[in-house]
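Enquirer: One structure is given below, represented as structure tokens, and several questions about it will come after.
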Amino acid sequence: TCRDITVPLENIQLQHFPTEHFSHNRIEAFNLSVHIRKTRMTVSMRELLRVTHKVLSLDKEWYLANLLEARDRLLEAGRGEQVHARLSKYLNFCELSQSSLANLSLQRENARQRRRKQIHGLHMKLCNFYQLLLSPTSTKHWKHFMQKVQSQFELFIISKLIFRNMQKQLNMNENNLD
Numbered sequence: 278t279c280r281d282i283t284v285p286l287e288n289i290q291l292q293h294f295p296t297e298h299f300s301h302n303r304i305e306a307f308n309l310s311v312h313i314r315k316t317r318m319t320v321s322m323r324e325l326l327r328v329t330h331k332v333l334s335l336d337k338e339w340y341l342a343n344l345l346e347a348r349d350r351l352l353e354a355g356r357g358e359q360v361h362a363r364l365s366k367y368l369n370f371c372e373l374s375q376s377s378l379a380n381l382s383l384q385r386e387n388a389r390q391r392r393r394k395q396i397h398g399l400h401m402k403l404c405n406f407y408q409l410l411l412s413p414t415s416t417k418h419w420k421h422f423m424q425k426v427q428s429q430f431e432l433f434i435i436s437k438l439i440f441r442n443m444q445k446q447l448n449m450n451e452n453n454l455d
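Okay, so the sequence shown: first residue is 278 according to the numbering used here, each after it adds one.
Structure below.
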């Protein structure tokens, strides 16, 4: 039996080989890519029309007057066409940015934890922007909503540009070390 053993057991700390760390980082990057791809950011034409009508209905008087007069031509009016075009542009941007971030997370130089966090942060900003587009009831007027969307869009673009510049600088620093 083991009761008679009085020698304490040794504590052994496992240390990973550098290749295991590399594999772990790559696996985490792959998981991030899968997570980004699972997030649904595609909008059908029907959903786009529904969101456009929601934005236009923020101005109730104009919307009801035009709805009663010419329901078929509501989106052909200047305001309807402008809102529909902008929303379509922003939703397409969300879809393309999502696939871009998923591909970006798979690149070897972005497998490090710091860069994965930055990519994840960009993805969260993109998700917030997408949710803002789909829920226009947060403001009282369509112009205020479109201004809010435009400012959020610009913030996302700025943060994406900052990430790209940081990535270029890190690549330049790595090349200088070689």
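Every residue gets a Cβ at the ideal spot worked out from N, C-alpha and C, and that includes glycine.
Keep in mind the model is a prediction, meaning the values are calculated, not measured.
What's the C-alpha gap between A378 and V311?
Expert: The sequence as given places Leu at residue 378; Ala does not occur at that position. When rounded, the distance between both Cα atoms is 11 Å.
Enquirer: Using the rule of at least 16 other Cβ atoms within 10 Å of the residue's Cβ for burial, across every protein chain shown, is F422 buried or exposed?
Expert: Per the 10 Å Cβ criterion, buried.
Enquirer: By DSSP, does V320 sit in helix, in strand, or in coil?
Expert: DSSP places V320 in coil when its eight states are reduced to three.
Enquirer: Sorted by chain position, which residues of the same chain lie with C-beta nearer than 7 Å to S412's C-beta, five sequence neighbours on each side aside?
Expert: If we look at S412 and ignore the five residues flanking it on each side, it has no Cβ neighbours.
Enquirer: Can you say whether Q395 is buried or exposed, counting buried as having 16 or more other CB atoms within 10 angstroms of its CB?
Expert: Label assigned to Q395: buried.
Enquirer: Under the assumption that R356 contacts L325 (Cβ atoms under 8 Å), give the Cβ distance between them as a whole number of angstroms.
Expert: Actually they are not in contact, since the Cβ atoms of R356 and L325 sit about 16 Å apart, beyond 8 Å.
Enquirer: Classify R323: buried if its beta carbon has 16 or more other beta carbons within 10 angstroms, exposed otherwise.
Expert: So R323 ends up on the exposed side.
Enquirer: Could you tell me the alpha carbon to alpha carbon distance between Q429 and F406, rounded to whole angstroms?
Expert: So the alpha carbons of these two residues sit roughly 7 Å apart.
Enquirer: Restricting to Cα atoms, I'd like to know which of I289, L309, T283 is closest to Q384.
Expert: Out of I289, L309, T283, L309 has the C-alpha closest to the C-alpha of Q384.
Enquirer: Where D455 and Q390 are concerned, what is the direct C-alpha to C-alpha distance, given to the nearest angstrom?
Expert: A caution first: D455 carries a pLDDT of 48, below 50, which makes its placement in the model too unreliable to give a value.
Enquirer: Tell me the DSSP secondary structure of D455 in three-state form.
Expert: Residue placement at D455 is poorly supported in this model, since its pLDDT is 48, which falls under 50; the coordinates still yield a value, given next. Coil at D455, not helix or strand.
Enquirer: Helix or strand or just coil, what does DSSP make of R389?
Expert: In the structure shown, R389 sits in coil (DSSP, three-state: anything other than H, G, I, E or B).
Enquirer: To the nearest angstrom, how far is the alpha carbon of L368 from that of E287?
Expert: Distance between the alpha carbons of L368 and E287: 59 Å.
Enquirer: Taking the alpha helix (DSSP H) that K366 belongs to, which residues open and close that run?
Expert: Element bounds for K366: 355 to 383.
Enquirer: Pop quiz: E372 and T316 are said to be a contact at Cβ under 8 Å. What is the actual Cβ separation, rounded to whole angstroms?
Expert: That belief does not hold up - the Cβ atoms of E372 and T316 are roughly 11 Å apart, past 8 Å.
Enquirer: When you compare only the Cα positions, how much space is there between R280 and I289?
Expert: Looking at the two C-alpha atoms, the distance is approximately 22 Å.
Enquirer: T283 by DSSP, collapsed to three states: which one?
Expert: Looking at T283 - three-state DSSP - the assignment turns out to be coil, as it is neither helix nor strand.
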